[in-house]
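Enquirer: Protein chains in written order, with my numbering: chain A, 1 to 343; chain B, 344 to 686; chain C, 687 to 1029. Sharing a structure below in structure tokens format, with a few things to ask.
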Amino acid sequence: MSVTVRLADVVAALGGVLHGDAGLAINRLAPLESADAASLSFLANPRYAAKMATSAAACVVVAPDQQALAVARGAAIVTADPYLYFARLTQWWAARTRAAAVPGVHASAVVEPGALIHASASVGPFTCVGAGARIGAGVVIGSHGHIGAGAAVGEGTRLAPRVTLGDACVVGARGILHSGVVVGADGFGFAPSQGTWVKIEQLGAVRIGDDVEIGANTCIDRGALDDTVLDDGVKLYNLIQVGHNVHIGAHSAMAGCVGIAGSAKIGKHCTAGGGAIILGHLELVDHVHITAATVVTRSILKPGQYSGLFPFDDNASWEKNAATLRQLHTLRDRIRALEKSTK
Amino acid sequence: MSVTVRLADVVAALGGVLHGDAGLAINRLAPLESADAASLSFLANPRYAAKMATSAAACVVVAPDQQALAVARGAAIVTADPYLYFARLTQWWAARTRAAAVPGVHASAVVEPGALIHASASVGPFTCVGAGARIGAGVVIGSHGHIGAGAAVGEGTRLAPRVTLGDACVVGARGILHSGVVVGADGFGFAPSQGTWVKIEQLGAVRIGDDVEIGANTCIDRGALDDTVLDDGVKLYNLIQVGHNVHIGAHSAMAGCVGIAGSAKIGKHCTAGGGAIILGHLELVDHVHITAATVVTRSILKPGQYSGLFPFDDNASWEKNAATLRQLHTLRDRIRALEKSTK
Amino acid sequence: MSVTVRLADVVAALGGVLHGDAGLAINRLAPLESADAASLSFLANPRYAAKMATSAAACVVVAPDQQALAVARGAAIVTADPYLYFARLTQWWAARTRAAAVPGVHASAVVEPGALIHASASVGPFTCVGAGARIGAGVVIGSHGHIGAGAAVGEGTRLAPRVTLGDACVVGARGILHSGVVVGADGFGFAPSQGTWVKIEQLGAVRIGDDVEIGANTCIDRGALDDTVLDDGVKLYNLIQVGHNVHIGAHSAMAGCVGIAGSAKIGKHCTAGGGAIILGHLELVDHVHITAATVVTRSILKPGQYSGLFPFDDNASWEKNAATLRQLHTLRDRIRALEKSTK
């Protein structure tokens, strides 16, 4: 759905101080590089000011300290935090350009007895809603969804096509679960017995707070006895693994391919870069930031940035250094010996 | 479904020696920390004995050497292996608290001609069963399943909603496949030709033994010519990648996010921690244990534990060490030079 | 579907010079080790010539320099590039042994108004095709597919069961998307605001070229403003994460579990081994090859092989070396001090 707005509409909806022609027509949001004369763009990082100077954008959202530069080249909207303004602008834009979900349950959906689906909710084709499940106001469930018995989806939450929410699992309000998400599969629990593994049935569930977004094909396992918990505002990206009884504190965010093993307890406002791994039964306090591909093998009790990835190099250099690394302990001993002999 | 049992019921079903009131009512299995006066708990590791002392649990399952301590605080069930006892208890509990699947094929399912579905099996909504597929006694296939032509699911195996079992692929008895599992996608095989990739059609299948559990969104590819094979008792967790023609020996277990490249041959009773990678065409003998995030780049012919992960540190320390690591080979040369000069 | 062909049929279809009985019956393609007297096999790597000598295969495809050895043991097809020949042979074989998809839309599928589905295309059970979507000639969409509004699938492309192609996303001709693929989920974009994350709606789409193969459960996110782009001939394996606005150049190939963060720009003819991670906003020029499990943290402007993985070892050795690694910078200082003192 294409749309044309005037700059006056934008500032009326989102605020900011407009410099330039309020009647300018905008039909696209675009980065500075690919913007054209009908594009609205933004400059969040002053480092890219040079890109703004050469951009064809009709108008650029900027911070006060970039106002002069922006106005010199065309229209500008000045606001304290251009990146935040831009985020809100994308939301406003999406609301105008995307087809709204039609309330109601698709004729092909299978709804078991005792499920409560709010009249304003939308349930897509080939979706199953289990006995006793509760679907809140304004919820959108895409095609091929599976909502287990006794599960609940809070007001305004959107499930993309093909999301599985297991029995008794709960998602709060205003969340977004992307395609392929599996909430409530079994945690990995076995008792060893004579060389075989005896399954520990996973009797807990998953409780997810409000304003949580979960990326495509990410898995959040149900707890063994108690529940796995994601607090309000948590953002998980794609292909993340969250083990049983993990607790992720409010507003923590994890990039793609992160793995969090069972019973890890992660604080509020933490972040983890792509591919990071957090081992089980650890605790990370609030405001801990893990660099991409880092493996956290013990608890972190002090806020800060933590890292542990092998620096990459051209293959020949890496080979030499990696080979030497396997003798590193010996090298230390040789240094010690030298120190003694030169004393 | 909530349930109340008496301690007498538990020991009647599962054995162990009960100390305390056999009539005590239990309505929940719980860890020591969150147990209440109607909870049955367990102590598997003597390290946590202090938690038992302060637990509100009605009864605790313990080993003989913890009997005195347990009985001092309340009822106890004494058994040689409390963790194993607890595993069986969760199974017994699940059987009593979870709704049993209703035998029969859901009206919405699509079953192609020649498929054989046992009368005691349950096939969920929107599931497809291909021509010539065989579904055994007591099998449960959740919603949105896809069972390919000529595939087979053994007696008592459970497929969660949304599992894909490709054409001609076979799963044994008593298995569990979680949501999002893909068995039988194509292995990654291409012949290079003038800068492009020519597809090698993957003509093998996947053969999975009995008592195998496969976690959510895990992928097991079909073989190129021969089959990919998982032997009895293998346990794979979520988001694992198993390439074509891999062979995983009986009772081996892999944690989440593990990747196993094509034609790797892994022995029996092996384990791999989360995020470990095993490169292709390697062999691991029985009883090899790979630490999380370790990359196995050559065959391992001796049982034992193998590791190779970068120790994490605060970011500043890591940066200094990582920078030095890129000169490690040079450092070794400098140590050699020093050794020569001080002789 | 089993099939029997004569060697004469093979060379008639695929070329090569046949040495031996053109009437020999073949009912299986097999590796040298498991081949039997009705198998056709191949020798791509002269290193395995000894396996050929002892193989029971009816016939082996070989390069001219292996002709003498091959003919000495039985029939042979001689061709310049046996591996490429074998790739084409698997395609020819698959076309003869796999049931062709039946054109037409399954009765259970949900097709929204304005979708254009070519008469020769096949749309499987429980598949949804959105408003305005275009499905080309000969396309096969398996069960449980979701084709978003305005999306397009090019001529001859095959979607396995359970593929999600988001709104406005486009896949070219002759592609293969495996089960669980999610094209067009939201990229991970948030503006921080007072300790919370404000969503940046992802307004771009995904554009995928011709002859692209995407493995099971791989995710390709839609762009934030502009599109995420995969050029012709790209091959991505299973469980790969491709962030928003990534650009992957023609004929680049990535092994399983690779993660590519947002806005990375990868050249043509690049490869990445399993579990490699490429951080965001980087550029890799053409012909860059990344070793498995390597984390690319800065742009690579020179073709070649790049590596950065921790060499694994037995656990005791690793522990000692890893502990020393955390003091590596200090060791360097100690070497410097020694050098000064011995001058």
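Beta carbons: idealized from backbone N, C-alpha and C, even for Gly.
1) Drop a sphere of 10 angstroms on the beta-carbon of Arg733/C, count the other beta-carbons inside from all chains shown, and report buried for 16 or more, exposed for fewer.
2) So that I know if they touch, is there some Cβ in chain B lying closer than 8 Å to that of Glu213/A?
3) For chain B, check one thing: does any of its Cβ atoms lie closer than 8 Å to the Cβ of Asp186/A?
4) Where does Lys578/B fall in DSSP's three states?
5) Check each residue of the region 747-772 of chain C: if its Cβ is closer than 9 Å to any Cβ of chain A, include it; give the result in chain order.
6) Which two residues bound the contiguous alpha helix (DSSP H) that contains Asp564/B?
7) Cβ closer than 8 Å: which chain C residues qualify as neighbours of Ile335/A?
8) Whole angstroms is fine: what's the gap from Ala173/A's alpha carbon to Asp972/C's?
9) Which chain C residues are close to Leu328/A, counting only those with a beta carbon under 7 Å from its beta carbon?
10) CA-CA distance, Ile519/B and Val982/C?
11) Taking C-alpha atoms, which residue in Gly267/A, Gly262/A, Val288/A and Ala292/A lies nearest to Gly274/A?
12) Looking at chain C, is there any beta carbon in it that lies within less than 8 Å of the beta carbon of Cys270/A?
13) Buried or exposed for Ser179/A, going by 16 or more other Cβ atoms inside 10 Å?
14) I'd like to check one pair, Ala604/B with Gly592/B: are the Cβ atoms closer than 8 Å?
15) Is the region 75-85 of chain A touching the region 44-61 of chain A in the sense that three or more CB pairs, one from each, lie closer than 8 Å?
16) Go through its chain and collect everything with a Cβ distance to Val884/C's Cβ below 7 Å, but skip five positions before and after it.
17) Within its chain, find whatever has a CB closer than 6 Å to the CB of Gly902/C; leave out the 5 residues flanking it on each side and keep chain order.
18) Quick check: the Cα distance between Gly479/B and Ser727/C, rounded to an integer number of angstroms?
19) Let me see if you follow: with CB-CB separation under 8 Å, is Thr347/B close to chain C or not?
20) Could you check which residue in Asp510/B, Ala503/B and Ala413/B has the C-alpha nearest to that of Ala785/C?
21) Out of His632/B, Leu386/B, Gly417/B and Ala396/B, which has the shortest C-alpha to C-alpha gap to Leu350/B?
22) Considering only the beta carbon of each residue, do Leu922/C and Ile952/C sit closer than 8 Å?
23) For Cys128/A, which of Ala121/A, Ala149/A and Ala119/A has the nearest alpha-carbon?
24) What did DSSP end up calling Asp695/C once you bin it into helix, strand or coil?
25) Per DSSP, which one or two residues make a beta bridge with Arg134/A?
26) Would a check of beta-carbon distances place Thr1028/C closer than 8 Å to chain B?
27) Which residue's Cα is closest to the Cα of Gly653/C: Thr690/C, Cys943/C, Gly873/C and Pro717/C?
28) Measuring CB to CB, does Tyr649/B end up less than 8 Å from Phe998/C?
29) Could you please tell me which residues of the region 84-111 of chain A, in chain order, have their CB closer than 7 Å to any CB of chain B?
30) With distances taken between CB atoms, is the gap from His489/B to Ser829/C smaller than 8 Å?
31) Using C-beta distances below 7 Å, list every residue in its chain close to Arg439/B, excluding the 5 sequence neighbours before and after it, in chain order.
32) State yes or no: is the C-beta of His247/A within less than 8 Å of the C-beta of Val229/A?
33) Against Gly651/B, what residues of chain C qualify as contacts under a CB-to-CB distance less than 7 Å, listed in chain order?
34) From Arg88/A, Val123/A and Leu301/A, pick the residue whose C-alpha is nearest to that of Thr157/A; which is it?
35) So does Tyr769/C have its beta carbon nearer than 7 Å to some heavy atom of the ligand NAD?
36) Strictly under 8 Å for the Cβ-Cβ distance: is Cys169/A near chain C by that measure?
Expert: So, from the data block:
1) The residue you call residue 733/C lines up with position 47 of the third sequence. Under this definition Arg733/C is an exposed residue.
2) Indexing the first sequence from 1 puts residue 213/A at position 213. So no, Glu213/A is outside the interface.
3) Reading the first sequence from its first residue, position 186 is the one you call residue 186/A. Asp186/A belongs to the set of residues whose beta carbon lies under 8 Å from a beta carbon in chain B.
4) In the second sequence, the residue the question calls residue 578/B occupies position 235. Three-state result, Lys578/B: strand.
5) Across the region 747-772 of chain C, no CB contact with chain A closer than 9 Å is found for any residue.
6) Numbered from 1 along the second sequence, position 221 holds the residue referred to as residue 564/B. Run containing Asp564/B: none in the alpha helix (DSSP H); it sits in the beta strand (DSSP E), Cys562 to Asp564.
7) Position 335 of the first sequence, counting from 1, holds the residue named residue 335/A. Per Cβ cutoff of 8 Å: Leu1017, Arg1020, Ile1021 and Leu1024.
8) Counting from 1 along the first sequence, the entry for residue 173/A is found at position 173. Counting from 1 along the third sequence, the entry for residue 972/C is found at position 286. Rounded to whole angstroms, Ala173/A and Asp972/C show a C-alpha spacing of 45 Å.
9) Reading the first sequence from its first residue, position 328 is the one you call residue 328/A. Those are Asn1007, Thr1010 and Leu1011, listed as they occur along chain C.
10) Sequence index remark: in the second sequence, residue 519/B carries index 176 (1-based). Sequence index remark: in the third sequence, residue 982/C carries index 296 (1-based). Each residue's Cα considered, the two are about 37 Å apart.
11) Taking the first sequence and counting its residues from 1, one reaches residue 274/A at position 274. Distance from the Cα of Gly274/A is smallest, within the candidate group Gly267/A, Gly262/A, Val288/A and Ala292/A, for Ala292/A.
12) Your numbering for residue 270/A matches position 270 in the first sequence. Not one chain C Cβ lies under 8 Å of Cys270/A.
13) Here residue 179/A refers to the residue found at position 179 of the first sequence. So Ser179/A counts as buried.
14) For the purposes of this step, residue 592/B is taken as residue 249 along the second sequence, with counting starting at 1. For the purposes of this step, residue 604/B is taken as residue 261 along the second sequence, with counting starting at 1. No, Cβ-Cβ distance for Gly592/B and Ala604/B is not below 8 Å.
15) Because the criterion of three Cβ pairs below 8 Å is met, the region 44-61 of chain A and the region 75-85 of chain A touch.
16) Residue 884/C sits at position 198 when you count from the first residue of the third sequence. Cβ neighbours of Val884/C beyond the five flanking positions: Phe876 and Ala877.
17) For the purposes of this step, residue 902/C is identified with residue 216 of the third sequence, where counting begins at 1. It should be noted that the sequence gives Ala, not Gly, for residue 902/C. Only His864, Ser865, Gly866 and Asn924 meet the Cβ criterion.
18) Residue 479/B sits at position 136 when you count from the first residue of the second sequence. Residue 727/C sits at position 41 when you count from the first residue of the third sequence. One C-alpha to the other measures close to 35 Å.
19) For the purposes of this step, residue 347/B is taken as residue 4 along the second sequence, with counting starting at 1. Judged by the 8 Å Cβ criterion, Thr347/B is not in contact with chain C.
20) As a first step, residue 785/C must be located in the third sequence, where it is residue number 99. Nearest option by C-alpha distance: Asp510/B.
21) On the second sequence, position 7 is the one that residue 350/B refers to. Out of His632/B, Leu386/B, Gly417/B and Ala396/B, the CA that lies nearest to the CA of Leu350/B is found in Gly417/B.
22) For the purposes of this step, residue 922/C is taken as residue 236 along the third sequence, with counting starting at 1. For the purposes of this step, residue 952/C is taken as residue 266 along the third sequence, with counting starting at 1. Note that the C-beta distance between Leu922/C and Ile952/C is not below 8 Å.
23) As a first step, residue 128/A is located in the first sequence; it is residue number 128 there, counting from the start. Selection Ala121/A, Ala149/A and Ala119/A evaluated against Cys128/A yields Ala149/A as nearest (Cα-Cα).
24) Along the third sequence, read from residue 1 onward, the residue named residue 695/C stands at position 9. Asp695/C: helix per DSSP, three-state reduction.
25) Working through the first sequence from its first residue, we reach residue 134/A at position 134. BP columns for Arg134/A point to Leu116/A and Ala152/A.
26) Along the third sequence, one-based indexing puts residue 1028/C at 342. Nearest CB-CB separation between Thr1028/C and chain B: below the 8 Å threshold.
27) For residue 653/C there is no data in the structure shown, the boundaries of chain C being 687 and 1029.
28) On the second sequence, position 306 is the one that residue 649/B refers to. On the third sequence, position 312 is the one that residue 998/C refers to. The Cβ atoms of Tyr649/B and Phe998/C sit closer than 8 Å to each other.
29) Against chain B - using a Cβ distance shorter than 7 Å - the residues of the region 84-111 of chain A are Val110.
30) By one-based count along the second sequence, residue 489/B stands at place 146. By one-based count along the third sequence, residue 829/C stands at place 143. Yes. Within cutoff.
31) Against the second sequence, residue 439/B aligns to sequence position 96. The beta carbon of Arg439/B lies closer than 7 Å to those of Val346 in the same chain, with the five residues before and after it left out.
32) Position 247 of the first sequence, counting from 1, holds the residue named residue 247/A. Position 229 of the first sequence, counting from 1, holds the residue named residue 229/A. A contact, by the Cβ cut-off of 8 Å.
33) What you label residue 651/B is simply residue 308 of the second sequence in a count that begins at 1. Result: Phe996, Pro997, Phe998, Asp999 and Trp1004.
34) Within the first sequence, numbered from 1, the residue matching residue 157/A stands at position 157. Put simply, of Arg88/A, Val123/A and Leu301/A the residue whose alpha carbon is nearest the alpha carbon of Thr157/A is Val123/A.
35) Inclusion of the ligand NAD in the displayed structure is not the case, the ligand content being empty and no account of it being possible.
36) Position 169 of the first sequence, counting from 1, holds the residue named residue 169/A. Not one chain C Cβ lies under 8 Å of Cys169/A.
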